[in-house]
């Protein structure tokens with residue numbers, strides 16, 4: 458993956474830059490020694506690494522504003538970073554950039570249960586938002602697999618989803634407002650503690666913009682009452698295609714589970730060895746969860762089980778207790794870690810129409826044989842957000858490049874069947890050169906024109922989202 462060459466003029470500014478940063482930040486918030494900046498050389502896409510020129514850890518919106526103003530005046534690129542869990546290289550620095558991490562900005566600023574919102578600093582982790590309100594039986598709905606570690610800042614940047622997004626939506630459906638700092642240091646308030654704002658939908662532009670437009674420092678999030686109850690059912694099938702057909706039939710029937718999760722045999726075996734969740738020995742399994750009152754749960758599961766029986770499941774297990782529900786979910790929540798014990802892998806993120814699941818799963822299996830690389834499939838089947846895990850050997854010359862080529866073909870397949878390149882991981886560096894497969898030149902030009910408005914010098918999060926040649930030309934203009 459190509460990255461722009463470091464600008465020697467910018468690198469030469471480092472001593473003066475560090476001096477100015479220390480004027481607005483405490484000494485322990487400015488990291489500039491090479492041995493220390495290596496901690497920020499990559500995010501969760503660890504195949505690519507590049508230590509930044511420096512890293513800063515502000516604690517307030519004002520400190521973020523001061524940092525951005527200094528970097529803007531000196532022409533220094535800035536890479537915003539939440540918790541560094543991006544699987545698309547969204548927080549990968551360039552050698553002449555400054556990482557701006559929001560990890561120290563983790564406070565709960567306001568909680569309003571009557572109007573159902575919480576306002577937090579953007580460095581707060583996803584799961585801890587629910588932790589701050591669960592005492593009063595509220596929760597924050599988006600629940601990405603990395604929710605224990607990932608920050609709200611990154612969730613907003615990538616429009617993260619999670620297992621329960623089928624019913625509750627993704628980040629954009631649960632985001633009410635933000636405080637954001639533009640590259641020149643200007644602080645703007647967009648949206649707020651109300652259902653909708655007048656004028657342009659700038660909040661919709663910001664959510665999913667991958668740090669290209671500004672640095673979000675505070676977020677107003679919608680919180681919901683916890684449901685009366687929830688219950689999953691586990692279904693095992695003889696093939697990926699049959700499991701995909703079952704998902705499609707559940708959605709077509711008009712039933713709205715809170716989650717439909719898919720795992721294939723490689724993932725099932727890995728998670729069983731890792732978590733011992735008691736999964737059946739089958740080619741594919743679904744975890745379907747519904748919620749509500751006991752009567753609502755019984756009625757929904759009756760309809761779902763009836764649909765599943767039409768596909769001759771090898772196992773059909775409805776949870777009978779909280780412990781059994783936790784065990785059913787244990788394997789799914791452990792899947793990525795379990796697969797990591799087997800081999801290196803690249804986790805993809807593409808979205809397809811649910812009706813295309815059987816075909817796409819079959820084609821991925823065929824391409825796996827063509828490339829000679831195994832694939833584990835684990836994903837949010839209810840909304841078609843796929844996460845194929847391509848296994849490769851990082852120490853074997855050429856394997857990474859083969860894996861990337863395979864991944865690119867899978868993502869192109871997603872676009873071909875009417876889907877898109879990403880559902881919740883973002884574009885980052887991973888998919889930037891595939892953007893031409895989904896968008897024509899006019900589409901991309903309009904998207905870049907939006908960035909021109911917010912960041913005219915193109916200093917925020919360089920080398921991401923847009924094809925490198927196009928973005929570097931814009932930056933040099």
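In the numbering used here, the protein residues as written are 458 to 934.
From the three backbone atoms N, C-alpha and C, an ideal C-beta is built for every residue, glycine too.
Helix, strand or coil: which one does DSSP assign to residue 924? Here residue 924 corresponds to residue number 467 of the chain shown, with the count starting at 1. Here residue 924 sits in coil by DSSP.
Measuring straight from C-alpha to C-alpha, what distance separates residue 724 and residue 539? Along the chain shown, read from residue 1 onward, the residue named residue 724 stands at position 267. Along the chain shown, read from residue 1 onward, the residue named residue 539 stands at position 82. Using only the alpha carbons, I get a separation of about 28 Å.
Does DSSP put residue 569 in a helix, a strand or coil? For this step, residue 569 is matched to residue 112 along the chain shown. It is a strand residue.
Coil, strand or helix - residue 609 by DSSP: As a position in the chain shown, residue 609 is number 152, starting the count at 1. In the structure shown, residue 609 sits in a helix (DSSP, three-state: H, G or I).
Which value, in whole angstroms, describes the spacing of the CA atoms of residue 928 and residue 551? Here the question's residue 928 lines up with position 471 in the chain shown. Here the question's residue 551 lines up with position 94 in the chain shown. Each residue's alpha carbon lies about 14 Å from the other.
Taking 7 Å as the cut-off, decide whether the C-beta atoms of residue 536 and residue 918 are in contact. The residue labelled residue 536 in the question sits at position 79 within the chain shown. The residue labelled residue 918 in the question sits at position 461 within the chain shown. Going by C-beta atoms, residue 536 is nearer than 7 Å to residue 918.
Just grab the DSSP bridge partners of residue 720 for me. Numbered from its first residue, the chain shown carries residue 720 at position 263. Answer by DSSP bridge pairing, in chain order: 742, 835.
Residue 816 by DSSP, collapsed to three states: which one? Counted from its first residue, the chain shown places residue 816 at position 359. Three-state result, residue 816: helix.
Three-state secondary structure (DSSP) at residue 559? By one-based count along the chain shown, residue 559 stands at place 102. Coil.
Rounding to the nearest angstrom, what Cα-Cα distance links residue 930 and residue 661 in this structure? As a working mapping, residue 930 is identified with position 473 in the chain shown. As a working mapping, residue 661 is identified with position 204 in the chain shown. Rounded to whole angstroms, residue 930 to residue 661 spans 27 Å at the Cα level.
Looking at the unbroken alpha helix (DSSP H) that takes in residue 587, where does it start and where does it end? Against the chain shown, residue 587 aligns to sequence position 130. Its alpha helix (DSSP H) spans residues 583-590.
Does the beta-carbon of residue 889 have 16 or more other beta-carbons within 10 angstroms, so that it is buried, or is it exposed? The count along the chain shown starts at 1 and reaches residue 889 at position 432. Flag for residue 889 reads buried.
Give me the residue from 720, 802, 766 with the minimum Cα distance to residue 818. Position 361 of the chain shown, counted from the start, is the residue given in the question as residue 818. Of 720, 802, 766, the residue nearest in Cα terms is 720.
Beta-carbon within less than 8 Å of residue 528's beta-carbon, same chain only, minus the 5 sequence neighbours each way: which residues are those? The residue given as residue 528 occupies position 71 in the chain shown. Closer than 8 Å at Cβ, skipping near neighbours: 474, 534, 535, 555, 640, 916.
Hey, residue 417 and residue 557 are a contact pair by Cβ (cut 8 Å); roughly how many whole angstroms apart? Given a span of 458 to 934 for the chain in the structure shown, any question on residue 417 remains unanswerable.
Of all the alpha helix (DSSP H) runs that stay within the bounds of the segment 640-673, which reach a length of 4 or more residues? 659-663
Express the C-alpha separation of residue 572 and residue 470 in angstroms, rounding to a whole number. Start at 1 with the first residue of the chain shown, and residue 470 comes out as number 13. Start at 1 with the first residue of the chain shown, and residue 572 comes out as number 115. Those two C-alpha atoms are separated by around 48 Å.
Going along the chain, which residues of its own chain have a beta-carbon closer than 7 Å to the beta-carbon of residue 680, five neighbours each way excluded? Locating residue 680 in the chain shown gives position 223, counting from the first residue. Correct list, in chain order: 573, 574, 575, 590, 595, 596, 597.
Beta carbon of residue 500 nearer than 7 Å to that of residue 925: Reading the chain shown from its first residue, position 43 is the one you call residue 500. Reading the chain shown from its first residue, position 468 is the one you call residue 925. The answer is no: Cβ separation not under 7 Å.
Alpha carbon to alpha carbon, how far is residue 599 from residue 626? Give it in angstroms, no decimals. What you label residue 626 is simply residue 169 of the chain shown in a count that begins at 1. What you label residue 599 is simply residue 142 of the chain shown in a count that begins at 1. If I take the Cα positions, the gap works out to 7 Å.
Restricting to Cα atoms, I'd like to know which of 826, 700, 463 is closest to residue 839. Stepping through the chain shown from its first residue, residue 839 is reached at position 382. Per the Cα distances, 700.
Beta-carbon contacts of residue 844 that lie in its chain and below 7 Å, excluding the five residues immediately before and after: Along the chain shown, read from residue 1 onward, the residue named residue 844 stands at position 387. Around residue 844: 804, 805, 806, 835, 836.
Suppose you measure from the CA of residue 784 to the CA of residue 791; what does that come to, to the nearest Å? Against the chain shown, residue 784 aligns to sequence position 327. Against the chain shown, residue 791 aligns to sequence position 334. Taking the straight line joining both Cα atoms gives about 11 Å.
Does the beta-carbon of residue 645 have 16 or more other beta-carbons within 10 angstroms, so that it is buried, or is it exposed? Taking the chain shown and counting its residues from 1, one reaches residue 645 at position 188. With a threshold of 16 other beta carbon atoms within 10 Å, residue 645 falls short and is exposed.
Would you kindly report the start and end of the unbroken alpha helix (DSSP H) that includes residue 901? Residue 901 sits at position 444 when you count from the first residue of the chain shown. That run of the alpha helix (DSSP H) goes 898-911.
Skipping 5 residues on each side, what residues in its chain have a beta carbon closer than 7 Å to that of residue 768? On the chain shown, residue 768 is found 311 positions in, with the first residue counted as 1. Contacts found: 694, 699, 702, 703.
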